[in-house]
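With the first letter of the sequence shown counted as 1, position 156 gets the number 159 in the working numbering; the numbers rise by one all the way through.
C-beta: ideal position from N, C-alpha, C; glycine also.
Note that the coordinates shown come from a computational prediction; the quantities given were computed from them, not determined experimentally.
Here the structure comes first, spelled out in structure tokens, and everything after it is commentary.
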Amino acid sequence: MVDLRGKDFLKLLDFTPKEIEHLLKVAATLKKQKKNNESHRYLKGKQVALIFEKDSTRTRCAFEAGAVDLGMQATYIGPTGSQLGKKETIADTARVLCRMYDGIEYRGFDQTIVEDLAKYSSVPVWNGLTNEFHPTQMLADALTIKEEFGSLKGKTLCFCGDARNNVGNSLMVMCSKLGMNFVCAAPKELFPNEELVRECEAICKETGASIRLETDIMKATKDVDVLYTDVWVSMGEPMELWEKRISQLKDYQVNKKVLNNAKDNVIFLHCLPSFHNIDTTIGKEIYEKFGLTEMEVTDEVFESSHSRVFEEAENRMHTIKAVMLETLK
Ligand code: CP
Ligand code: NVA
């Protein structure tokens, strides 16, 4: 029996494969209930606080809409307007919020901040993205892959890009836990952190998963089931980094050639937001400075029949609801 009541959700490393699979199952049930218009207000009367020190569309909306679906109310605390960080520490904020709310979500900077928040809070704390990890994203990705292929075990996922960012790190952990083969395509200096690789390799021994780090994108993406990429510069990193990252990662773009190198039924995933055209302020700025019209993925691949990015985005909500339900029920 899996029982996650009262537990924090800070990183996938803290969870057993069985617990992760259980959350995916609950998410699939909640998704069905939502599609069938069946009421599922299992947490009626509870309230959650959502702290966002960085921007968000998917994560914020998944928590807010998900909370309401489950019968709860949510309070959004943005980067400005609260005392957090300026006049009040994370420890004091945690001790205040847990007296008013049943659960707290945090998106921000160092993983140590969300770990601290959890330490001082008597109610569950959920990680909505830190510099190191993005665990709720992983549940949505795993659910999307499962829906496509029926199972996760033995499937190969290749992450192309900055493999030591929050999404790269988390995908490596997710694959290790769920018996998948993780490949990264990146220059050596953007390979995942060695200590984390070693920790994941030990998990692979138990689950039958594997890890491969490649600098050659064609070698890395040959016959893979899932192609995954993310932005080349993450939130919180300085804008000045773009020039360097473009030179490091321009050969790791997911384009038609890379897509054709994977399995015929490969799916393309991206946590989003994505720079696949120049129709955004930053996209335009990069174009004006560096002449690039697309970055980590071409518009052709993003819009192709292989792309499941919007199914993946939808699954953020069903999986986040599963996390709230299982930890608060
Ligand atoms: N994928 C993701 O976390 O999106 P947001 O930044 O919009 O929340
Ligand atoms: N690596 C990205 C993920 C966004 C969902 C970032 O941290 O900005």
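Contact under 9 Å by Cβ, residue i with residue j
i, j, result
"Gln140", "Ser179", "no"
"Ile2", "Thr301", "One cannot answer for residue 2 here, as it falls past the ends of the chain, which runs 4 to 332."
"Met177", "Lys156", "no"
"Tyr231", "Leu160", "yes"
"Ala30", "Thr322", "yes"
"Val2", "Arg215", "What is shown of the chain runs 4 to 332, which leaves residue 2 out entirely."
"Val227", "Met298", "no"
"Val117", "Tyr109", "yes"
Exposed unless 16 or more other CB atoms sit within 10 angstroms - verdict on residue i
i, result
"Leu244", "exposed"
"Arg1", "With the chain represented from 4 up to 332, any question about residue 1 goes unanswered, as that position is not in the structure."
"Ala94", "exposed"
"Asp72", "buried"
"Glu135", "buried"
"Gly286", "buried"
"Gln256", "buried"
"Asp165", "buried"
"Thr144", "According to the sequence as given, residue 144 is Asp; it is not Thr. Buried is the call here."
"His131", "Note that residue 131 is Gly in the sequence shown, not His. Burial call: buried."
"Thr133", "buried"
"Leu70", "It is Ala, not Leu, that sits at residue 70 in the sequence shown. Buried."
Distance cut-off 8 Å: residue i Cβ against heavy atoms of the ligand CP
i, result
"Ser59", "yes"
"Thr19", "no"
"Pro195", "no"
"Arg319", "yes"
"Leu132", "yes"
Closer than 8 Å: residue i CB and nearest the ligand FAD heavy atom
i, result
"Ser237", "Of the ligands this structure carries, namely the ligand CP and the ligand NVA, none is the ligand FAD."
Proximal residues to residue i (C-beta, below 8 Å), its chain only, five neighbours per side dropped
i, result
"Glu314", "Thr147 and Glu150"
"Leu262", "Leu230, Val269, Phe271, Val304, Ser307 and His309"
"Met242", "Val236"
"Ala316", "Arg61, Ala143 and Leu275"
Identity of the residues DSSP links to residue i by a beta bridge
i, result
"Ser213", "Asn184"
"Glu108", "Leu53 and Trp129"
"Leu230", "Cys161 and Phe271"
"Ala335", "Missing from the structure shown is residue 335; the chain here goes from 4 to 332 and no further."
"Leu401", "Given that the chain is displayed from residue 4 to residue 332, the structure contains no residue 401 and the question cannot be resolved."
"Ser250", "Partner(s): none; Ser250 has no beta bridge."
"Val257", "Val300"
Heavy atom of the ligand NVA within 8 Å of residue i beta-carbon
i, result
"Gln140", "yes"
"His137", "yes"
"Leu27", "no"
"Cys274", "yes"
"Asp144", "no"
"Val300", "no"
"Asn258", "no"
"Asp113", "no"
"Val312", "no"
Close beta carbons around residue i, own chain, < 7 Å, minus the five adjacent residues each side
i, result
"Val5", "Lys21, Glu22 and His25"
"Lys191", "Thr218"
"Lys47", "Gly74"
Same chain, Cβ closer than 6 Å to residue i, neighbours up to 5 away in sequence not counted
i, result
"Ala223", "Cys161, Val186, Ala188 and Glu217"
"Gly211", "Gly182"
"Pro82", "Glu56"
"Ile54", "Ile80 and Tyr109"
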